[in-house]
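Asks:
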Amino acid sequence: MFVWGITFGLMGRDAGLSALESTLMSALVYSGTAQAATVGGFAAGAGILAGMATVLMLNARYLLYGASLRPWLGECGPAQAYATLCFLGDANWAMATKANAEGERDAAFIFGSGVSMYLPWIAGTLSGAIAGNWIADPRTLGIDFLLVAFCAAMAMDLFKSRADLAPALTAALVAALLDRLAPSGWTLVAAGLAGGLAAWLRHKDVP
Amino acid sequence: MTLRTELLPLLLALTLASFACRAGGFWLMRFVIVTPRLRATLAAAPLAVMIGIVTPAALRGGLAEIVGLAATFAAMRLWRSDLLAMFVGVAAVALARAIQL
Numbered sequence: 299m300f301v302w303g304i305t306f307g308l309m310g311r312d313a314g315l316s317a318l319e320s321t322l323m324s325a326l327v328y329s330g331t332a333q334a335a336t337v338g339g340f341a342a343g344a345g346i347l348a349g350m351a352t353v354l355m356l357n358a359r360y361l362l363y364g365a366s367l368r369p370w371l372g373e374c375g376p377a378q379a380y381a382t383l384c385f386l387g388d389a390n391w392a393m394a395t396k397a398n399a400e401g402e403r404d405a406a407f408i409f410g411s412g413v414s415m416y417l418p419w420i421a422g423t424l425s426g427a428i429a430g431n432w433i434a435d436p437r438t439l440g441i442d443f444l445l446v447a448f449c450a451a452m453a454m455d456l457f458k459s460r461a462d463l464a465p466a467l468t469a470a471l472v473a474a475l476l477d478r479l480a481p482s483g484w485t486l487v488a489a490g491l492a493g494g495l496a497a498w499l500r501h502k503d504v505p
Numbered sequence: 060m061t062l063r064t065e066l067l068p069l070l071l072a073l074t075l076a077s078f079a080c081r082a083g084g085f086w087l088m089r090f091v092i093v094t095p096r097l098r099a100t101l102a103a104a105p106l107a108v109m110i111g112i113v114t115p116a117a118l119r120g121g122l123a124e125i126v127g128l129a130a131t132f133a134a135m136r137l138w139r140s141d142l143l144a145m146f147v148g149v150a151a152v153a154l155a156r157a158i159q160l
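Going down the list, the sequences are from chains B and R. Heads up, this note's numbering is the position in the first sequence plus 298, with the first residue counted as 1. Heads up, this note's numbering is the position in the second sequence plus 59, with the first residue counted as 1.
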């Protein structure tokens, strides 16, 4: 998480965010993919609505995580439950789900694993953003390519089965067309919606 | 260390959107059932957004960017590590630019 944080610090720097702005964003939004995408949109001149739509789509998976934690986390009070959800992330959700399957019943485990991911993420962002200040020419080092490389690697991570092919191709087509016609921060929003729609249409309920 | 005030509404909006997703699933479970179809739709969106970022960059990029993307894909295939693949891609772009590709 620390290294990921550094990476985002460098991306933020490349998009013109100050170290404080990047760190604050990491502390508040706390989602690597969503932050990377909105920072990319920000650099392309996207507005608040496009940014929000991007975050909603990228973090839609948290809806599923939260839903799956309901039986377990629902046992503690709402204040504790929602405080725990503030620190919900991919890694700690996976860890907690595994622990629960192995017999862990204490919901504090979700909170603890969440915070232990959160803190290195913040520290990493600050380090990366400060280190970015010392880099004279980010282009020479390929830092401006960091966002694209990150998204390409993430896309391959997320591509799990043949069912992902149709949404992926739809998204690529929509992005390519819109980028030609009207390049803006909305391109990736449209690609995300088109991909989701493709998955919806292609889904076959397995009996 | 500066904080631009015009950035604060954006930051606040993104924070709200992010928290809505974190808390929303837990909260909504009181009212809706997550069907496999809905699950597939929500799961496909992140992949599609990532592709929505990569595609324009690939179309606009020069040879160096294409080399970088190819290196990222190859490294991902080889080692299945997103972090490593990302750095290989960036290093490939830096190298390609250094030799004026």
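Don't be surprised by glycine CBs; every beta carbon is placed ideally from N, CA and C. Note that the structure is a prediction, hence the values are computed from the model and not measured.
1) Roughly how many whole angstroms lie between the Cα atoms of Ala397 of chain B and Leu417 of chain B?
2) Please give me, in chain order, every unbroken run of the alpha helix (DSSP H) with length at least 4 that falls completely inside the stretch 419-480 of chain B.
3) Can you check whether the C-beta of Asn357 of chain B is within less than 8 Å of a C-beta belonging to chain R?
4) Pair every Cβ in the stretch 361-377 of chain B with every Cβ in the stretch 76-91 of chain R, then say whether three or more of these pairs are closer than 8 Å.
5) By alpha-carbon positions, which one of R:Ala123, R:Met145, R:Leu137 ends up nearest to Trp302 of chain B?
6) Step through the CB atoms of chain B and report whether any lies within less than 8 Å of the CB of Phe132 of chain R.
7) Determine, for Gly338 of chain B, whether the minimum Cβ-Cβ distance to residues of chain R falls below 8 Å.
8) Given 8 Å as the limit, is there contact between the stretch 108-116 of chain R and the stretch 478-496 of chain B, that is, 3 or more CB pairs closer than that?
9) Is Lys396 of chain B helix, strand or coil by DSSP?
10) Any C-beta of chain R within less than 7 Å: which residues of the stretch 309-336 of chain B qualify?
11) Can you name, in chain order, every residue of its own chain whose Cβ lies under 7 Å from the Cβ of Met393 of chain B, other than the five neighbours on each side?
12) Looking at the secondary structure, which residues open and close the alpha helix (DSSP H) in which Met145 of chain R lies?
13) In chain R, which residues lie less than 9 Å from Cys384 of chain B when you measure between Cβ atoms?
14) If contact is defined by three or more beta carbon pairs under 8 Å, each pair taking one atom from either stretch, is the stretch 116-133 of chain R in contact with the stretch 141-157 of chain R?
15) Using a beta-carbon distance cut-off of less than 8 Å, what residues from the stretch 449-464 of chain B approach chain R?
16) By the 10 Å Cβ neighbour count, where 16 or more other Cβ atoms means buried, how is Leu142 of chain R classified, buried or exposed?
17) Indicate whether Ile304 of chain B and Gly422 of chain B have their beta-carbon atoms separated by less than 8 Å.
18) How about Ala466 of chain B and Leu106 of chain R: do their beta carbons lie closer than 8 Å?
19) Tell me whether Trp302 of chain B, by its Cβ, gets closer than 7 Å to a heavy atom of the ligand PLP.
20) Do Gly339 of chain B and Gly349 of chain B have their beta-carbon atoms positioned less than 8 Å apart in this structure?
21) Let me make sure I understand the geometry here. Which of B:Ala427, B:Val353, B:Leu476 has the alpha-carbon closest to that of Val316 of chain B?
22) Please go through the stretch 333-395 of chain B and give each complete alpha helix (DSSP H) segment of 4 or more residues, from N-terminal end onward.
23) Under 8 Å between C-beta atoms, does Gly164 of chain R make it to chain B?
Replies: Taking the definition as stated:
1) 21 Å
2) 444-456, 463-479
3) Closer than 8 Å to some Cβ of chain R, the Cβ of Asn357 of chain B qualifies, so yes.
4) yes
5) R:Met145
6) yes
7) yes
8) They touch, by the three-pair rule.
9) helix
10) Along the stretch 309-336 of chain B, the positions whose C-beta sits under 7 Å from a C-beta of chain R are Ser316, Ala317, Leu318, Glu319, Leu322, Met323, Leu326, Val327, Tyr328, Ser329, Thr331, Ala332, Ala335, Thr336, read in chain order.
11) Result list for Met393 of chain B: Ser411, in chain order.
12) 141-157
13) Within chain R, the residues near Cys384 of chain B are Phe78, Arg81, Ala82.
14) yes
15) Cys449, Ala450, Ala451, Met452, Ala453, Met454, Asp455, Leu456, Phe457, Ala461, Asp462
16) exposed
17) yes
18) Cβ distance < 8 Å, so Ala466 of chain B and Leu106 of chain R count as in contact.
19) As presented, the structure is devoid of all ligands, the ligand PLP included, so that no description of it is given.
20) yes
21) The amino acid occupying residue 316 of chain B in the given sequence is Ser; Val does not appear at that position. Considering only alpha carbons, the answer is B:Ala427.
22) 346-356, 358-371, 376-384
23) No answer is possible for residue 164 of chain R: the residues shown for chain R start at 60 and end at 160.
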